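What follows is one structure encoded as structure tokens, with my remarks underneath.
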Amino acid sequence: MYDRTFRQDHTQLKNYDLNEVRNCAKQVALALHYLHTELHVSHNDIKPENIIMFDKNLFKLADFGYAKQIEKTLIYSSDLYNKWKYRCREYMAPELIQIVNNNVAINNKKILTNILNNCYIDEVKTDVFAFGMSIFVMIFSVLPYKTQEGAFFEDEIFQYLDNKSSYVSFWMNFKDILNEFEKEEKERQQNYGIEHLKDLLENMLCHNPSERFNTLQIITHPWLNDTTNP
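Throughout the sequence shown, residue numbering follows the UniProt record's numbering, covering 1 to 230 in sequence.
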């Protein structure tokens with residue numbers, strides 16, 4: 001029997017242990033890498049509620065109700081609209097949110113069909129985005145955008161992940177939490193690897209799916225492979 005989900009366990013805690021989150025993220029990343037590269041399946045519902053804790057050192061990715069075989073070619077977004085239109089936007093990639101928003105904003109079916117049929121979605125990269133969003137929430141206890149619309153491109157906070165030159169502006173929104181982590185690092189004499197963590201999240205949450213990390217880049221990233229605090 002599992003203990004609880006990551007979200008259930010940590011809603012009761014005042015402080016997060018970054019090394020515990022790192023351990024969790026590494027195990028989930030390995031599972032997702034196997035899912036994508038060996039089974040050729042996308043999960044399509046990654047969020048903290050679907051990460052199961054068996055104990056403090058064992059984590060499993062769960063709930064494969066939306067999982068599907070990865071297509072050999074990128075999928076027309078028109079084929080995905082009905083699948084995603086009623087889903088929770090919290091962990092949804094911006095390219096998927098754009099599809100949903102287009103359908104709401106555009107009444108002309110001919111124009112909408114043209115947009116959808118000329119836009120492709122890579123569900124591997126949408127999985128990576130949802131995973132990055134989950135790591136962010138595990139650590140910061142908030143989502144990295146301002147409105148209830150989700151991570152859409154023009155959001156007051158999320159817009160800063162559009163290019164590297166604006167990353168500093170993005171992290172300024174979370175400076176108090178980052179300063180607290182850096183203070184704890186010194187007090188506990190632990191290596192939280194804050195700069196590596198920021199780099200990982202920037203590359204998992206970037207706007208452009210083609211520039212977004214794949215699972216191999218995630219599992220080999222320095223933040224998940226720090227040996228000073230296993």
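Beta carbons: idealized from backbone N, C-alpha and C, even for Gly. Values in this document were obtained by computation on a predicted structure and should not be read as measured data.
Q) For I139, which option in L201, I99, G150, N82 has the closest C-alpha, if you only look at C-alpha atoms? A) Relative to the Cα of I139, the nearest Cα in the group L201, I99, G150, N82 belongs to L201.
(Q) Between T220, K186, N214, E211, which has its C-alpha nearest H196's C-alpha? (A) Residue T220 is the option with its Cα nearest to H196.
Q: Whole angstroms is fine: what's the gap from E90's alpha carbon to K183's?
A: Between E90 and K183, the C-alpha separation is close to 30 Å.
(Q) Can you find the residues in the same chain that come closer than 7 Å, C-beta to C-beta, to F174, ignoring five residues on each side of it along the sequence? (A) Excluding residues within five positions, the ones whose Cβ falls inside 7 Å are F140.
**Q.** Cα-Cα separation between F136 and K186, rounded to whole angstroms
**A.** Looking at the two C-alpha atoms, the distance is approximately 22 Å.
Q) Is the beta carbon of V128 less than 8 Å from the beta carbon of N44? A) It is not a contact, given that the beta carbons lie outside the stated cut-off.
Q.
What does the alpha-carbon distance come out to for the pair A130 and M172?
A. The alpha-carbon atoms of A130 and M172 are separated by roughly 22 Å.
Q: Alpha carbon to alpha carbon, how far is N19 from Q190? Give it in angstroms, no decimals.
A: Q190 and N19 have their C-alpha atoms spaced approximately 9 Å apart.
(Q) Could you tell me which whole alpha helix (DSSP H) segments of length 4 or greater appear in the region 15 to 60? (A) Listed in chain order, the complete alpha helix (DSSP H) runs (minimum 4 residues) inside the region 15 to 60 are 18 to 37.
Q) Going by beta carbon distance, what residues of the same chain come within less than 6 Å of Y66, once the five residues before and after it are set aside? A) Sequence-distant partners of Y66 (beyond 5 residues in either direction) whose C-beta falls short of 6 Å from its own C-beta, in its chain, are N44, D45.
Q | Nearest-angstrom Cβ-Cβ length linking residue 231 and P209, presumed shorter than 8 Å | A | No statement about residue 231 is possible, as the shown extent of the chain runs from 1 to 230 and does not include it.
(Q) Taking the beta carbon of N50 as the centre, do at least 16 other beta carbons fall within 10 Å, making it buried, or is it exposed? (A) By the Cβ neighbour-count rule, N50 is buried, with 16 or more other Cβ atoms within 10 Å of its own.
Q) Considering only the beta carbon of each residue, do F152 and Q98 sit closer than 8 Å? A) Yes.
Q: Return helix, strand or coil for I135, following the three-state DSSP convention.
A: Three-state DSSP puts I135 in a helix.
Q) What's the C-alpha gap between C88 and Y120? A) Between C88 and Y120, the C-alpha separation is close to 21 Å.
Q | K175 in three-state terms, based on DSSP | A | In the three-state DSSP reduction, K175 falls in the helix class (H, G or I).
Q. Is it buried or exposed for Y145, if we count other Cβ within 10 angstroms and need 16 for buried?
A. That one is buried.
Q. Which of helix, strand or coil does DSSP assign to K146?
A. The three-state reading of DSSP puts K146 in coil, since its state is none of H, G, I, E or B.
Q: Please name the residue or residues paired with K68 in a DSSP beta bridge.
A: K68 pairs with S42.
Q) Looking at Q27 and F64, is the spacing between their C-beta atoms short of 8 Å? A) In terms of Cβ geometry, F64 and Q27 do not form a close pair [threshold 8 Å].
(Q) Using a Cβ-Cβ cutoff of less than 7 Å, which residues in the same chain neighbour L216 once the five nearest sequence positions on both sides are dropped? (A) H33, listed in sequence order.
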